[in-house]
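Asker: Pasting a structure below so you can have a look.
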Amino acid sequence: MRRLLQPHVELAVSLAAVVVLPIVLPSIAMATEVVIFIIATLGCNLLIGYVGLMSFGQAIFFGVGAYACSLTLLHSHVGIGAGLLAAIAASAIVALFVGFLSTQKRGIYFVMLTFAFSQMFYFIAYAMAGLTGGDNGLLDIPRPPLVLFHVTLLSLTPPLEMYGLAAVVFVALFVFLQRVITSPFGSTLQAIRENEQRAIAVGYNTRNFKVIAFVLSGVVTGIAGALYALFLQFAPLGNIDVSMSERIIVMSILGGTGSLFGSVLGGTFYVVAGNMLSAIWPRWLLLLGLILMVVGCYLQGGLLGAAERLARRIGRRGPRAMTPAASNKPVGRP
Amino acid sequence: MTLSRRSFVKTAIGGAALAATGPAILRPAFAADVTKIRSLYALSGTFAEAGKTAELGARIAAPQFAKEYGIKVDYKAVDSEGNPGRAVAKILTEIQQNQVKYFVGGVLSSSALAMSEQVHKANGVFITAAGADEITGQNCNRSTFRWSVPTYGASRETVLPLIEKYPNAKRWYTITPKYVFGEALLQNSIDVFKEKGVEHVGNSYHSLSETEFSSYLTNASAAKPDVLLLLNFGSQSTNTLRQAANFGMKQKMKILMVWAEGLEQYEEIGADIMDGVYVGCQYDVSIKSPGNKKIIETFKAKGAPVPSYSSVSGYVSTDLILRGIKAAGSSDPAAVIKALEGLKYEGPTGQEEIRAFDHQCVKNYYLLKGKPKAQMKNKYDLVEIISSGKSFVPQNQSLCKMA
Numbered sequence: 012m013r014r015l016l017q018p019h020v021e022l023a024v025s026l027a028a029v030v031v032l033p034i035v036l037p038s039i040a041m042a043t044e045v046v047i048f049i050i051a052t053l054g055c056n057l058l059i060g061y062v063g064l065m066s067f068g069q070a071i072f073f074g075v076g077a078y079a080c081s082l083t084l085l086h087s088h089v090g091i092g093a094g095l096l097a098a099i100a101a102s103a104i105v106a107l108f109v110g111f112l113s114t115q116k117r118g119i120y121f122v123m124l125t126f127a128f129s130q131m132f133y134f135i136a137y138a139m140a141g142l143t144g145g146d147n148g149l150l151d152i153p154r155p156p157l158v159l160f161h162v163t164l165l166s167l168t169p170p171l172e173m174y175g176l177a178a179v180v181f182v183a184l185f186v187f188l189q190r191v192i193t194s195p196f197g198s199t200l201q202a203i204r205e206n207e208q209r210a211i212a213v214g215y216n217t218r219n220f221k222v223i224a225f226v227l228s229g230v231v232t233g234i235a236g237a238l239y240a241l242f243l244q245f246a247p248l249g250n251i252d253v254s255m256s257e258r259i260i261v262m263s264i265l266g267g268t269g270s271l272f273g274s275v276l277g278g279t280f281y282v283v284a285g286n287m288l289s290a291i292w293p294r295w296l297l298l299l300g301l302i303l304m305v306v307g308c309y310l311q312g313g314l315l316g317a318a319e320r321l322a323r324r325i326g327r328r329g330p331r332a333m334t335p336a337a338s339n340k341p342v343g344r345p
Numbered sequence: 200m201t202l203s204r205r206s207f208v209k210t211a212i213g214g215a216a217l218a219a220t221g222p223a224i225l226r227p228a229f230a231a232d233v234t235k236i237r238s239l240y241a242l243s244g245t246f247a248e249a250g251k252t253a254e255l256g257a258r259i260a261a262p263q264f265a266k267e268y269g270i271k272v273d274y275k276a277v278d279s280e281g282n283p284g285r286a287v288a289k290i291l292t293e294i295q296q297n298q299v300k301y302f303v304g305g306v307l308s309s310s311a312l313a314m315s316e317q318v319h320k321a322n323g324v325f326i327t328a329a330g331a332d333e334i335t336g337q338n339c340n341r342s343t344f345r346w347s348v349p350t351y352g353a354s355r356e357t358v359l360p361l362i363e364k365y366p367n368a369k370r371w372y373t374i375t376p377k378y379v380f381g382e383a384l385l386q387n388s389i390d391v392f393k394e395k396g397v398e399h400v401g402n403s404y405h406s407l408s409e410t411e412f413s414s415y416l417t418n419a420s421a422a423k424p425d426v427l428l429l430l431n432f433g434s435q436s437t438n439t440l441r442q443a444a445n446f447g448m449k450q451k452m453k454i455l456m457v458w459a460e461g462l463e464q465y466e467e468i469g470a471d472i473m474d475g476v477y478v479g480c481q482y483d484v485s486i487k488s489p490g491n492k493k494i495i496e497t498f499k500a501k502g503a504p505v506p507s508y509s510s511v512s513g514y515v516s517t518d519l520i521l522r523g524i525k526a527a528g529s530s531d532p533a534a535v536i537k538a539l540e541g542l543k544y545e546g547p548t549g550q551e552e553i554r555a556f557d558h559q560c561v562k563n564y565y566l567l568k569g570k571p572k573a574q575m576k577n578k579y580d581l582v583e584i585i586s587s588g589k590s591f592v593p594q595n596q597s598l599c600k601m602a
């Protein structure tokens, strides 16, 4: 199915969402959490939606990013930028390792390998309690101001400034991933997703492409982990637990894969619904299960797919809503 | 899709309207003179059993003491999901969304430590019943108070009397959850072993997500201990004890569960397995005190289950917040903190007092023993009190340096 939202429209709507979220949501804290999980979902979406790789290893990168940033800030008097750079470097190295070994296999074996790595890294973090705090996590993580060339850009003390940092990072990553997806590299990833044998026949070393995609996904997810640690000023062991991978995958599928804007919808829906429903009913995950069943059976494009179907139905009624020429444009091409 | 100018204008107007009205829709308005209290217990997840019961206690206490002390209270339960990260995110949301300053909760020590820090940063008040020494020790802060006896007292009031009761039981084996609470219980127990010349023949660590304990119990059996000391909590200690009973370990050694959840846990374990097992607990319904009598009557009047440690901890924690507000004559957290420091009151375990220097409540801890089925007077009469006492780190040894 052709995408209705073109990249520049997706970006505009995502920008609008970033502006509107802290206003419409009950708290800036919730808005910050939403944006952080949208970033994590973007990383996952790159793998599921554009390469067709279902990875249970996302929690590894989320946790590693959180630990790397936290440890840097706890043990050295460097700025927040150094913390984020440490998260990027650590998650890239780990993603390279996990991606290199996992992409040796395909299908169910790939999934099982990522699952096994996830468990392995969880127990490494658990066992290295002296470094990671084990089950207690890392407490009291400093959140120094964001300083550039001796100019304090954000103090990060008021909640809105922490949100601002997360929002700026989100927009930067969104633009970056759009560039990646619409580049020849991105087109190759989508070719691998559609028919890997054909991509190999054409002459692509598909494994290298998959490993690079893994590293990009790991870095994006690692940045989300670092922001989460900065936001909470706490890095719990749960960050690196396989349940975190499940959460991120569920957000990706709920929102809709194959479109970055789907991640915005999925991350927002999951976090907001989770916060609100859990206040009403502790067994709210049952409802989420039902929603996932509906998505799996009837709405395979996720929330974005559902919105697109609705828009198409409305579009058919009015000739001005969508021109045939626009609807037939190839995917990802402006 | 091309977006027509008209559609764009419509969307923009719609978005602006949503932005303008959204906060009004999603943010509930509250009267300014209402004291907002939030309980943060695990209502879902591995430790939901203890969390739900504790929340019940808080839910009973809030309207009762609000009426008794003449305070308007807005009480709401928030599910911490047994996940420290989620608990902290939800505290931040409550602080920003509803300007909440008063919190009770924290079943797990790791959650309680993280929650304590967040509430302290917001200059609020947090009352917990979590066990790790650090909460009123090296990680203490002005905002945090603890009703329950920490691991130091729990170890001393259970391990010590049992060593004295069975002087020939010289070999002890421990099973410990590897996090702040378990580590603290283990260290305190080892200190008692050293003091009394008892041999610690081995320890098995397990994670907080563990549900299967047979391999640890096999190791314990192989060490041939006289006493098996369970330092885990909640469903984990229930499962360990059940599996130990299945392995026939009850017949070969004494079993002591240092930190029991109380009545609902004894019921879950069952009278057959509980028979002869020693447990340590913060509270028991059979305590003879005016405070406990009042609690039993209140729970009965509300149609709630017989009070247990979990429900009483939620109940007393909420009472302490409102008692502090009443004593301070103000809902300003700084004044309430001052009023709570040194407060003496009639609690469920008798006279209880909050130490000013570390915000630790001084109260009894109990060693209990599972009754044989034939001696049970009713289905709640599962244990008998063997001993009780107050053991707390003295001020000159405390690691608490209140900022």
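Residue numbers (our numbering), protein chains in the order written: chain A, 12 to 345; chain B, 200 to 602.
All residues carry an ideal CB built from backbone N, CA and C; glycine is no exception.
Remember, it's a predicted structure, so these values are computed and weren't measured experimentally.
Assign residue 598/B to buried or exposed, taking buried as 16 or more other Cβ atoms, counted over all protein chains shown, within 10 Å of its Cβ.
Answerer: Working through the second sequence from its first residue, we reach residue 598/B at position 399. With fewer than 16 other Cβ atoms within 10 Å, it is exposed.
Asker: Would you say residue 430/B faces chain A, with C-beta separation under 9 Å as the test?
Answerer: In the second sequence, counting from the first residue as 1, residue 430/B sits at position 231. No, residue 430/B does not count as interfacial toward chain A.
Asker: Helix, strand or coil for residue 258/B per DSSP?
Answerer: Taking the first residue of the second sequence as 1, we reach residue 258/B at position 59. Helix, per DSSP.
Asker: Output the boundary residues of the beta strand (DSSP E) element that contains residue 599/B.
Answerer: Counting from 1 along the second sequence, the entry for residue 599/B is found at position 400. No beta strand (DSSP E) holds residue 599/B; DSSP gives it neither H nor E.
Asker: Quick one: is residue 195/A buried, meaning 16 or more other Cβ sit within 10 Å of its Cβ, or exposed?
Answerer: The count along the first sequence starts at 1 and reaches residue 195/A at position 184. Per the 10 Å Cβ criterion, exposed.
Asker: Note the first and the last residue of the continuous beta strand (DSSP E) segment covering residue 402/B.
Answerer: Working through the second sequence from its first residue, we reach residue 402/B at position 203. Here the beta strand (DSSP E) through residue 402/B covers 398-405.
Asker: Determine the DSSP secondary structure at residue 543/B, reduced to helix, strand or coil.
Answerer: By one-based count along the second sequence, residue 543/B stands at place 344. Residue 543/B: strand per DSSP, three-state reduction.
Asker: With a threshold of 16 other CB atoms inside 10 Å of the CB of residue 229/A, please say whether the residue is buried or exposed.
Answerer: If you number the first sequence from 1, residue 229/A lands on position 218. By the neighbour-count rule (16 or more Cβ atoms within 10 Å), residue 229/A is buried.
Asker: Once DSSP output is grouped into helix, strand and coil, what is the label at residue 230/B?
Answerer: Translated into the one-based positions of the second sequence, residue 230/B becomes position 31. Because residue 230/B carries a pLDDT of 41, less than 50, the predicted location of this residue cannot be relied on, and the following value inherits that uncertainty. The answer is coil: DSSP assigns residue 230/B none of H, G, I, E or B.
Asker: Quick one: does residue 239/A have its CB under 9 Å from some CB of chain B?
Answerer: The residue labelled residue 239/A in the question sits at position 228 within the first sequence. Yes, contact with chain B.
Asker: Report yes if the C-beta distance between residue 38/A and residue 435/B is below 9 Å; otherwise report no.
Answerer: On the first sequence, residue 38/A is found 27 positions in, with the first residue counted as 1. On the second sequence, residue 435/B is found 236 positions in, with the first residue counted as 1. It is not a contact, given that the beta carbons lie outside the stated cut-off.
Asker: Pick out whichever of 552/B, 236/B, 280/B and 248/B has its Cα sitting closest to the Cα of residue 259/B.
Answerer: Position 60 of the second sequence, counted from the start, is the residue given in the question as residue 259/B. Among 552/B, 236/B, 280/B and 248/B, the Cα nearest to that of residue 259/B belongs to 236/B.
Asker: For residue 275/B, which beta-bridge partners are listed by DSSP?
Answerer: As a first step, residue 275/B is located in the second sequence; it is residue number 76 there, counting from the start. Answer by DSSP bridge pairing, in chain order: 237/B.
Asker: I want to see whether chain B comes within less than 9 Å of residue 296/A, judged by CB atoms only; does it?
Answerer: Along the first sequence, one-based indexing puts residue 296/A at 285. Yes, contact with chain B.
Asker: Report the three-state DSSP secondary structure of residue 280/B (helix, strand or coil).
Answerer: Here residue 280/B refers to the residue found at position 81 of the second sequence. Correct three-state label for residue 280/B: coil.
Asker: What span of residues does the alpha helix (DSSP H) with residue 432/B cover, start to end?
Answerer: Here residue 432/B refers to the residue found at position 233 when the second sequence is read from its first residue. Run containing residue 432/B: none; DSSP gives neither H nor E here.
Asker: To be precise: take each residue of the stretch 224-252 of chain A, compare its Cβ to all Cβ atoms of chain B, and keep it if any distance is under 7 Å. Which residues remain?
Answerer: Residues passing the 7 Å Cβ filter: 243, 245, 247, 249 and 250.
Asker: With 16 other CB atoms within 10 Å as the buried threshold, where does residue 67/A fall?
Answerer: By one-based count along the first sequence, residue 67/A stands at place 56. By the neighbour-count rule (16 or more Cβ atoms within 10 Å), residue 67/A is buried.
Asker: Strictly below 8 Å CB to CB, what residues from chain A border residue 282/B?
Answerer: Counting from one through the second sequence, the residue named residue 282/B turns up at place 83. What residue 282/B touches in chain A: 247 and 249.
Asker: Starting from the beta carbon of residue 44/A, find every residue of chain B whose beta carbon is closer than 9 Å, and list them in chain order.
Answerer: Locating residue 44/A in the first sequence gives position 33, counting from the first residue. Neighbours of residue 44/A on chain B, chain order: 288, 291 and 292.
Asker: Any beta carbon from chain A within less than 9 Å of residue 255/B's own beta carbon?
Answerer: By one-based count along the second sequence, residue 255/B stands at place 56. Chain A contact via Cβ: absent.
Asker: Three Cβ pairs or more, each shorter than 8 Å: is that satisfied between the stretch 365-373 of chain B and the stretch 422-442 of chain B?
Answerer: Yes, the stretch 365-373 of chain B touches the stretch 422-442 of chain B.
Asker: CB-CB under 6 Å to residue 343/A, same chain, minus the five flanking residues each way: which ones, in chain order?
Answerer: To locate residue 343/A, count along the first sequence from 1; it is residue 332. Note that residue 343/A scores a pLDDT of 40, beneath 50, so its modelled location is shaky and nothing firm can be said.
Asker: Residue 137/A touches chain B at which residues, Cβ-Cβ below 8 Å?
Answerer: Counted from its first residue, the first sequence places residue 137/A at position 126. 377 and 406, listed in chain order.
Asker: Do residue 149/A and residue 242/A have their beta-carbon atoms positioned less than 9 Å apart in this structure?
Answerer: Translated into positions along the first sequence, residue 242/A becomes position 231. Translated into positions along the first sequence, residue 149/A becomes position 138. Their beta carbons are not under 9 Å apart, which means residue 242/A does not touch residue 149/A by this criterion.
Asker: If I measure Cβ to Cβ from residue 561/B and keep anything under 8 Å in the same chain, skipping five residues before and after, which residues do I get?
Answerer: Stepping through the second sequence from its first residue, residue 561/B is reached at position 362. The residues are 551, 552, 553, 554, 589 and 591.
Asker: Could you give the DSSP three-state label for residue 170/A: helix, strand or coil?
Answerer: On the first sequence, residue 170/A is found 159 positions in, with the first residue counted as 1. Helix, per DSSP.
Asker: Residues of the stretch 266-279 of chain B with a CB closer than 7 Å to any CB of chain A: list them in chain order, please.
Answerer: Answer in chain order: 277 and 278.
Asker: Take residue 595/B as the anchor and find which of 433/B, 557/B, 545/B and 581/B has the nearest alpha-carbon.
Answerer: Within the second sequence, numbered from 1, the residue matching residue 595/B stands at position 396. The residue with the shortest Cα to Cα distance from residue 595/B is 557/B.
Asker: Give the single residue among 318/A, 170/A and 27/A whose Cα lies nearest to the Cα of residue 270/A.
Answerer: Looking up residue 270/A in the first sequence gives position 259. If we check each option's Cα against that of residue 270/A, 318/A comes out closest.
Asker: Strictly below 8 Å CB to CB, what residues from chain B border residue 286/A?
Answerer: Within the first sequence, the letter at position 275 stands for residue 286/A. Near residue 286/A (Cβ distances below 8 Å), the residues of chain B are 289 and 292.
Asker: Taking the runs of the alpha helix (DSSP H) that are 4 residues or longer, which of them lie wholly in the stretch 493-561 of chain B?
Answerer: Counting only runs of 4 or more, we get 508-527 and 532-539.
Asker: My output table needs one value for residue 583/B: the three-state DSSP class, helix, strand or coil.
Answerer: The sequence position of residue 583/B within the second sequence is 384, counting from 1. Of the three classes helix, strand and coil, the one that applies to residue 583/B here is strand, per DSSP.
Asker: I want to verify the contact list: residues of chain E whose CB lies under 8 Å from the CB of residue 145/A, in sequence order.
Answerer: Absent from the structure is chain E; the protein chains it does hold are A and B.
Asker: Might you give, ordered along the chain, the residues of its own chain that have their beta carbon closer than 6 Å to the beta carbon of residue 419/B, omitting 5 neighbours on each side?
Answerer: Counting from 1 along the second sequence, the entry for residue 419/B is found at position 220. Contacts found: 372 and 427.
Asker: Going along chain B, which residues have a C-beta under 7 Å from residue 41/A?
Answerer: Counted from its first residue, the first sequence places residue 41/A at position 30. What residue 41/A touches in chain B: 292.
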